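Residue numbers (our numbering), protein chains in the order written: chain S, 546 to 631; chain R, 546 to 631; chain P, 71 to 835; chain G, 2 to 263.
Positions of the beta carbon are idealized from the N, C-alpha and C atoms, including for glycine.
Please read these numbers as outputs of a predicted model, since none were measured by experiment.
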Amino acid sequence: MPRIVVDVMPKPEILDPQGKAIAGALPRIGLTGFAGVRQGKRFELTVDGEVTDELLEQARHAAATLLSNPVIEDVTRVEVLEEDDQ
Amino acid sequence: MPRIVVDVMPKPEILDPQGKAIAGALPRIGLTGFAGVRQGKRFELTVDGEVTDELLEQARHAAATLLSNPVIEDVTRVEVLEEDDQ
Amino acid sequence: MTAETTRKFNIDTVANAETTPGQSLPWAELGLKENEYQRVEEILGRRPTGAELAMYSVMWSEHCSYKSSKVHLRQFGEKVTDAMKEHLLVGIGENAGVVDIGDGWAVTFKVESHNHPSFVEPYQGAATGVGGIVRDIISMGARPVAVMDPLRFGAIDHPDTARLVHGIVAGIGGYGNSLGLPNIGGEVVFDSVYQGNPLVNALAVGVLRHEDIRLANASGAGNKVVLFGARTGGDGIGGASVLASESFDSSKPSKRPAVQVGDPFAEKVLIECCLELFKASVVEGIQDLGAAGISCATSELASNGDGGMHVELTNVLLRDPSLTPGEILMSESQERMMAVVTPENMAAFEAIMDKWAVEYSWLGEVTDTGRLIIEWDGEKIVDVDPRTVAHEGPVYERPYSRPVWLDGVQADAFTGSAAAGRPADLREAVLELMASPNMCAKDWVTDQYDRYVQGNTALAMPDDAGVVRVDEETGLGVAISTDANGRYSYLDPYEGARLALAEAYRNVATSGAVPLAVTDCLNFGSPEDPEVMWQFAETVRGLADACQELGVPVTGGNVSLYNQTGGVAIHPTPVVGVLGVFDDVARRTPSGWREDGQAIYLLGTTADELDGSEWANLRGHLGGQPPALDLAAEKTLAAILVNCSRDGMIDAAHDLSEGGLAAGLSEMALRFGVGARIGLDEVCERDGIDAFTALFSESQARAVVSVPRSEEVRFNDMCTARNFPTMRIGVVDTENGALDVQGHFTLPLGVLREAHQATLPRHFA
Amino acid sequence: MSIETPLIGGPQPLASDDGSSPLDGVTVGVVTFPGTLDDRDAARAVRLAGGSAVQLWHGDHDLQGVDAVIIPGGFSYGDYLRAGAISRFAPLMEQITAAASGGADALPVLGICNGFQVLTEAHLLPGSMIKNNSLHFLCRDQRLRVENAGTSWTSEYAEGEELVIPLKNQDGQFVADNRTLDELEGEGRVVFRYVDGNPNGSRRDIAGISNAAGNVVGLMPHPEHAVEAGFGPDSSARGAVDVRGGTDGLGIFTSVLKKLVG
Ligand SMILES: Nc1ncnc2c1ncn2[C@@H]1O[C@H](COP(=O)(O)OP(=O)(O)O)[C@@H](O)[C@H]1O
Ligand SMILES: [Mg+2]
């Protein structure tokens, strides 16, 4: 079934304790190449049938209202998932 | 600064309580077009400089060991983020 | 432009300020009044630099300077007698008061508000509220041991209420649970007056040895000043980004976060690391960073110590490198502390930081110059007398006047029109009361809080007070309860404050502890409204008077003003927390009976006092006078309850307050699911009231207790000796499975429990 | 004196203080990670059971010769990524993993709540934990059944015996694939099961499991909060008790001590 993907990330200026904890752990397992980590959310909305413009619009609406908290998060992507992109 | 993105999703056979709760809430805000929702995680690893193959390898390693738990999750993507892709 | 160049260019230095007196500064945008800005210029003898302006504007804000409330709050100090000071190790004015509880142990506790941030972003607002009050407790040198959360929401069925309830409860739990602090009590009240202004008050308690008390002062010239914990970001300076103009460059200020996100893990680590610092005696003075961040910490530490400090601000570790000096000074990033360390102890300090992987940076040192000097890359950007920042802010005698509407409200008694509010069926009335939003079971909320962690919780919800053990050897411990009744305060703010204190005091005594000290959080509307200001003045006067009469001092607290939307203020809501002490928490009295055949006694008398009651509230009525208060009776009742607990004369006790005897009996029966047979005739006859009034009136100085048969004589003798009215009203019945009020109704406990439990899940699950 | 409740009690003999206790010298290590909360409580439980607790720091490389290890509850590293995900990489976990493998006589290890999560992340126990069905943190007094009284940590109970023990967590829903679940059931490695209602959606009502040898046990509820009368749950599976009088969890700690001396 086709899927619409919604990515939500903490706003850049907002503290991201989760990313911070991961960034602290990476060097301890020997991975020292990264300057920072941020952790966000990825939602996959399954569509029964074809992805119409109206459904994409619904997904955008869901992203802005239910799936993200606009005070602390940005919706960074609302897109139909390509098949090979899994 | 360039970023490597890692997407992690709950395995299809594992119940995803958060996705389920969202799927239940969508119709209540009038969005009835979706057959299901799954909630996963998205990590952005910032790189100071250029993304080398070695760094991508580090990211894959982090994804497989720290960022996901193979018992319940799949790593669905480890990729350099294109600039316009934000 | 790179961060590095932004950081160097066009910084407004003291030298610059001296040579450019005409430079206009955004003082109004920063919330200063014209007279206040002029005062700053007078103090400095020149215009302030951008950084100085930042400091004065945050430190002279209502929140930090108490400029509207100060003249009234003085009464808490003035009305304290020497006897009341007996147990006070640290009084009002420090981060939190410290009370001696014996055996060399001390307790510190305080309640604070995080109302507005919790309305904007409920989860993070409530979470950071817990984080802030816990840092106050640590900064006294104490290990935090428990939290409580008095909450007020709008109408339970308002469309916005579920958002706030879900977010706020999850935020309090999310932060407190992660810190390993048991939540041992609080309040959940719904009333449409709080619709746009929910109240999120958070209380924390900490434990320390007398010799471990730390104060926020910087003494010893040459000692080092260090900032540690989280990095500094642009948190809490949203409105203040006008300060970007201080750097006079044209690039747009980068975005500043609208809300602060808490990091409970960072705070948990900070707690452990501070306790290690204290244990190793590595810090001389310590201050948490809350409102006004580094501005507050540097100016308070300096002015409470030898009076001088020299700081290099570029040493501050930043999360956002684009911050300007003024923004760094104002930032309210969470999970940070500032300490003063002797040069000899620097290495020991660093070792502890490294062990816990906590970041730190040495900012400068203590001086004896009487000046707070802050430099930016070697250039002086602040040169002030720290006292003028921290303690000599503006003080206002705001006009106040008794509201013109009050006479009308007070004349509109519920009792007078009682026929309309009097139920035909008492059984249904009790069920309706116990299912109502304010009287229903709060388990849906409290089940989201850890009440077990630390292994010292002797009583928690739903008992009258939270009780934690302090000393495992002796069982020494403390009890705390918080209470407020906004409706009583609306009807009469002076009496309302006294009633709030009386209820918290009674709750603590009901658990068996001796009440010792008070903290308060005064939640009000705008002080610029003379009627609100009058409510505030009356509240403080009432609370200070009642503290004096009961002999318990206020040790600290918080004022939250401007809780209003449009022209409509919340009810005056003075949340009062009372702390009591137990020699041994094994003596604590639970709020429910269990043993078959025990006698049930009602202590105190009941009058027709339904104005402002929960029952009147259910009938949509708010008018008349709150119940009469007799503090001498409250004292006697408390002494009886404490003695009974000490001498093992009672097995259960519950104070009567909101919802009266109906609520008290229901809660006692539901506590362990054990029924009782109750007779009201004698009480009605003695007090000249009917059964409805006996059940629903909210007369004060009352409690219900269950007394083992073998103790009845002793119990009665003690009450008689103290001349306190007591009446046997029933007996515990483990067989009937019901609350049986003879001659009126039998309420199976299953039915009662179902009604009591269903309300919150129905609205929020 | 310090403000700290002592985490490390001096050796406290079980029987008397004449020094002749069989538990002399038996030590149980309690691991502290950054963000661990119930370490003091676990240490207290060991002491109340008659043993001595030794504090172990996650960053050390040395088990200090302890005879058993408890990984207590809490929110190590905030549980921000996944509960237990970061902790399992701690240096001390390597020592624990090595010592815990190798049959019934290997080091007994108990993971409580967050500790259980760490053990699954470290692959010492199968399965994993996801968010509670309710998506809320849940604190309540929970009834359990002991399904296997043969592990290092349950020998003091009878098979089928019920206990009341506090449960408190946000990510407590035990999941594993059906094959693993069948294997656990078939080998008797389901050690505790929820009764009177599944609080979080855990597969097959599983509250705790063990490894094949039975020396490594993980459970979500907190036995260390039901060891001392006056500070436990209000009830006990053995009948009504005094307010906060439940001590049904003590057997976990006495089990391992008995095993170590016997
Ligand atoms: N927000 C809350 N957090 C923790 N405990 C709460 C909260 N709200 C209510 N409680 C607890 O529930 C019980 C009943 O509350 P309430 O009826 O307001 O008590 P009381 O009338 O005795 O002051 C008390 O133990 C109280 O501490
Ligand atoms: Mg009460």
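Would G/SER134 count as contacting chain R if we go by Cβ distances under 8 angstroms? Numbered from 1 along the fourth sequence, position 133 holds the residue referred to as residue 134 of chain G. Note that residue 134 of chain G is Asn in the sequence shown here, rather than Ser. It does: the Cβ of G/ASN134 has a partner Cβ on chain R nearer than 8 angstroms.
With a 10 Å radius around its C-beta and 16 neighbouring C-beta atoms as the bar for buried, classify P/GLU445 as buried or exposed. Translated into positions along the third sequence, residue 445 of chain P becomes position 375. Buried: at least 16 other Cβ atoms inside 10 Å.
What first and last residue would you give for the beta strand (DSSP E) that runs through P/ASN628? Numbered from 1 along the third sequence, position 558 holds the residue referred to as residue 628 of chain P. P/ASN628 -> beta strand (DSSP E) spans 624-630.
At a Cβ threshold of 8 angstroms, is R/VAL616 touching chain G? Numbered from 1 along the second sequence, position 71 holds the residue referred to as residue 616 of chain R. Interface residue, yes.
Is there a Cβ from chain G that is less than 8 angstroms from the Cβ of R/GLN563? Position 18 of the second sequence, counting from 1, holds the residue named residue 563 of chain R. Closer than 8 angstroms to some Cβ of chain G, the Cβ of R/GLN563 qualifies, so yes.
Are the beta-carbon atoms belonging to P/ASP721 and P/ARG576 less than 8 angstroms from one another? Here residue 721 of chain P refers to the residue found at position 651 when the third sequence is read from its first residue. Here residue 576 of chain P refers to the residue found at position 506 when the third sequence is read from its first residue. For P/ASP721 and P/ARG576, no; Cβs fall outside 8 angstroms.
Taking 8 angstroms as the cut-off, decide whether the C-beta atoms of P/ASP438 and P/GLY355 are in contact. Along the third sequence, read from residue 1 onward, the residue named residue 438 of chain P stands at position 368. Along the third sequence, read from residue 1 onward, the residue named residue 355 of chain P stands at position 285. Not in contact: P/ASP438 and P/GLY355 (Cβ atoms no closer than 8 angstroms).
Tell me which residues of the segment 74-94 of chain G have at least one Cβ-Cβ distance to chain P shorter than 9 angstroms, keeping chain order. GLY74, GLY75, PHE76, SER77, TYR78, GLY79, ASP80 and TYR81
If you follow the beta strand (DSSP E) that P/LYS432 is part of, which residue opens it and which one closes it? Residue numbering aside, residue 432 of chain P sits at position 362 when the third sequence is read from its first letter. Here the sequence assigns Trp to residue 432 of chain P, which means Lys is not the residue at that position. P/TRP432 -> beta strand (DSSP E) spans 430-437.
Inspect the beta-carbon positions of P/SER365 and P/LEU399 and report whether they are closer than 8 angstroms. Within the third sequence, numbered from 1, the residue matching residue 365 of chain P stands at position 295. Within the third sequence, numbered from 1, the residue matching residue 399 of chain P stands at position 329. Yes, the Cβ-Cβ distance between P/SER365 and P/LEU399 is below 8 angstroms.
Rounded C-alpha distance that separates S/GLU602 from S/ALA608: Stepping through the first sequence from its first residue, residue 602 of chain S is reached at position 57. Stepping through the first sequence from its first residue, residue 608 of chain S is reached at position 63. If I take the Cα positions, the gap works out to 10 angstroms.
For the beta strand (DSSP E) containing P/CYS510, name the first residue and the last one. Walking along the third sequence from the start, residue 510 of chain P turns up at place 440. Looking at the DSSP string, P/CYS510 is not in any beta strand (DSSP E), and its letter there is neither H nor E.
Which of the three DSSP states is assigned to R/PRO562 in this structure? The residue given as residue 562 of chain R occupies position 17 in the second sequence. Note: R/PRO562 maps to helix in three-state DSSP.
I'd like to know if S/ARG605 contacts chain G, where contact means its C-beta is closer than 8 angstroms to some C-beta of that chain. Within the first sequence, numbered from 1, the residue matching residue 605 of chain S stands at position 60. Chain G, which has no Cβ nearer than 8 angstroms to the Cβ of S/ARG605, makes this no.
Report yes or no: is there a C-beta of chain P within less than 8 angstroms of the C-beta of S/ILE574? Mapped onto the first sequence, residue 574 of chain S falls at position 29. No, its Cβ sits nowhere closer than 8 angstroms to a Cβ of chain P.
Sequence ranges, beta strand (DSSP E) only - wholly within the segment 585-612 of chain S, length at least 3: none
On the three-state DSSP scale, how would you describe S/ILE574? Start at 1 with the first residue of the first sequence, and residue 574 of chain S comes out as number 29. Helix at S/ILE574.
Does P/ARG557 come out as helix, strand or coil in the three-state DSSP assignment? Position 487 of the third sequence, counted from the first residue, corresponds to residue 557 of chain P. DSSP places P/ARG557 in helix when its eight states are reduced to three.
Name the chain P residues whose beta carbon is nearer than 8 angstroms to that of G/HIS223? Taking the first residue of the fourth sequence as position 1, residue 223 of chain G is located at position 222. Simply TYR522.
Check each candidate in P/ALA98, P/THR302, P/TYR558 and P/ALA291 and name the one with the smallest Cα separation from P/GLY693. To locate residue 693 of chain P, count along the third sequence from 1; it is residue 623. The shortest Cα separation from P/GLY693 among P/ALA98, P/THR302, P/TYR558 and P/ALA291 belongs to P/TYR558.
Any idea if P/GLY595 is buried or exposed, counting beta-carbon neighbours within 10 angstroms, 16 or more meaning buried? One-based indexing of the third sequence puts residue 595 of chain P at position 525. Flag for P/GLY595 reads buried.
Tell me whether the beta-carbon of G/MET130 lies closer than 8 angstroms to the beta-carbon of G/GLN143. Numbered from its first residue, the fourth sequence carries residue 130 of chain G at position 129. Numbered from its first residue, the fourth sequence carries residue 143 of chain G at position 142. Taking 8 angstroms as the Cβ cut-off, G/MET130 and G/GLN143 do not qualify as a contacting pair.
According to the neighbour-count rule (16 or more other Cβ atoms, all chains shown, within 10 Å of its Cβ), is S/THR610 buried or exposed? Along the first sequence, read from residue 1 onward, the residue named residue 610 of chain S stands at position 65. Under this definition S/THR610 is an exposed residue.
Any C-beta of chain G under 8 angstroms from that of R/GLU558: Walking along the second sequence from the start, residue 558 of chain R turns up at place 13. Yes, R/GLU558 lies at the interface with chain G (some Cβ there is under 8 angstroms from its Cβ).
Does DSSP put P/HIS724 in a helix, a strand or coil? By 1-based counting over the third sequence, the position of residue 724 of chain P is 654. If DSSP states are grouped into helix, strand and coil, P/HIS724 belongs with the strands.
Three-state secondary structure (DSSP) at G/PHE254? Locating residue 254 of chain G in the fourth sequence gives position 253, where the first residue counts as 1. Correct three-state label for G/PHE254: helix.
Could you round the C-beta distance between G/LEU1 and G/ALA50 to whole angstroms and report it? I think they count as a contact, below 8 angstroms. The structure shown does not extend to residue 1 of chain G, since chain G is modelled only from 2 through 263, so no value can be given for it.
8 angstroms contact criterion, which P/LEU571 and P/ALA616 should meet: CB distance rounded: Numbered from its first residue, the third sequence carries residue 571 of chain P at position 501. Numbered from its first residue, the third sequence carries residue 616 of chain P at position 546. That pair is a contact at about 5 angstroms.
Could you tell me the boundaries of the beta strand (DSSP E) in which G/ILE113 lies? Taking the first residue of the fourth sequence as position 1, residue 113 of chain G is located at position 112. Here the beta strand (DSSP E) through G/ILE113 covers 110-113.
Are there 16 or more other CB atoms within 10 angstroms of the CB of P/GLY636, so buried, or fewer, so exposed? Translated into the one-based positions of the third sequence, residue 636 of chain P becomes position 566. Exposed, because fewer than 16 other Cβ atoms sit within 10 Å of the Cβ of P/GLY636.
Relative to the C-alpha of P/LEU620, which candidate in P/GLU704, P/SER131, P/MET416 and P/VAL239 has its C-alpha closest? By one-based count along the third sequence, residue 620 of chain P stands at place 550. Comparing Cα positions, the closest option is P/GLU704.
Between the segment 796-811 of chain P and the segment 186-204 of chain P, do three or more beta carbon pairs fall short of 8 angstroms? no
Through-space distance from P/ARG205 to G/GLY60, alpha-carbon basis: Start at 1 with the first residue of the fourth sequence, and residue 60 of chain G comes out as number 59. Start at 1 with the first residue of the third sequence, and residue 205 of chain P comes out as number 135. Cα to Cα, the separation comes out at about 26 angstroms.
What residues match up with P/TYR671 in a beta bridge as DSSP calls it? Residue mapping note: residue 671 of chain P aligns to position 601 of the third sequence, counting from 1. P/VAL775 and P/ARG798.
What are the boundary residues of the alpha helix (DSSP H) that includes P/ARG568? Here residue 568 of chain P is taken as the residue at index 498 of the third sequence, counted from 1. Start and end: 563-580.
Where P/LEU692 falls: helix, strand or coil (DSSP): Along the third sequence, one-based indexing puts residue 692 of chain P at 622. It is coil, neither helix nor strand.
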